[in-house]
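Have a look at the structure below, then the notes.
In my numbering, the protein residues as written are 189 to 379.
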């Protein structure tokens, strides 16, 4: 019986990690996203009420205001650490529990920042030119350039990826090039 192989797909905001995960899903592999799990947790009353206790200044009319929380955590390192300390165990437990196929992929945005790479058998890091990342995020989110740059600056420094033991995908081309990179990595993972 073969053992499951859990592969993390990571990269900074706007790098293309979601697109790479979608390619693996199209190929028939199980894929899960920490962002999707986080969105599901926001529907959980217990999770929201615990979060409200930690960040009471972000509660408006009995509900957590996500934009107020986001502005707080991306401007205050201690608040960001508190949020990550609370939410990451919830998210990662759900992600890891769902990774039951022989080869499965998880999109984990803050993998290196949290030291979570040790939870996975392999890591794929996606990187992209900074201006392309900013343009991609602006087109899908409505965030200002300043907000995006603040988020980029809170994330793992891509220039240090060579120090990590991982597959590195340079995502400066089109979807066909990203698919080709995915095929190459699959060949290495399934050897």
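Just so it is clear, CB atoms sit at the ideal spot from N, CA and C, and this is done for glycine as well. As the structure is a prediction and not an experimental result, all values here were calculated from the model.
Nearest to residue 351 by C-alpha distance, out of 286, 300, 271, 197, is 300. In the DSSP annotation of this structure, the continuous segment of the beta strand (DSSP E) that includes residue 291 starts and ends at 291-295. Where residue 206 is concerned, the enclosing alpha helix (DSSP H) starts and stops at 205-214. The continuous stretches of alpha helix (DSSP H) do not include residue 358, which lies in the beta strand (DSSP E) extending over residues 355-358. Taking C-beta separations shorter than 7 Å and ignoring five residues to either side along the sequence, the partners of residue 317 in its chain run 360, following chain order. If you draw a straight line from the Cα of residue 200 to the Cα of residue 219, it comes to about 18 Å. According to the DSSP assignment, residue 218 belongs to the beta strand (DSSP E) that extends over 218-221. When only Cα atoms are considered, residue 329 and residue 193 end up about 33 Å apart. Cβ contact annotation for residue 211 (same chain, cutoff 7 Å, sequence separation greater than five): 366, 367, 370, in chain order. Membership of residue 320 in the alpha helix (DSSP H) is indicated by the continuous run 318-329. Under the 10 Å beta carbon count, residue 295 is surrounded by 16 or more other beta carbons and is classified as buried. Here DSSP, grouped into helix, strand and coil, assigns residue 198 to strand. In the DSSP assignment, residue 333 falls within the unbroken alpha helix (DSSP H) covering 333-341.
Taking one beta carbon from each stretch, the stretch 302-309 and the stretch 269-281 have 3 or more pairs nearer than 8 Å; the two touch.
With contacts defined as CB atoms closer than 8 Å, residue 375 and residue 202 fail to qualify as a contacting pair. The stretch 259-276 and the stretch 336-346 touch, with no fewer than 3 CB-CB distances between them shorter than 8 Å. DSSP places residue 282 in no beta strand (DSSP E) but in the uninterrupted alpha helix (DSSP H) bounded by 265-286.
In this structure, residue 197 lies near residue 312, with their beta-carbon atoms less than 8 Å apart.
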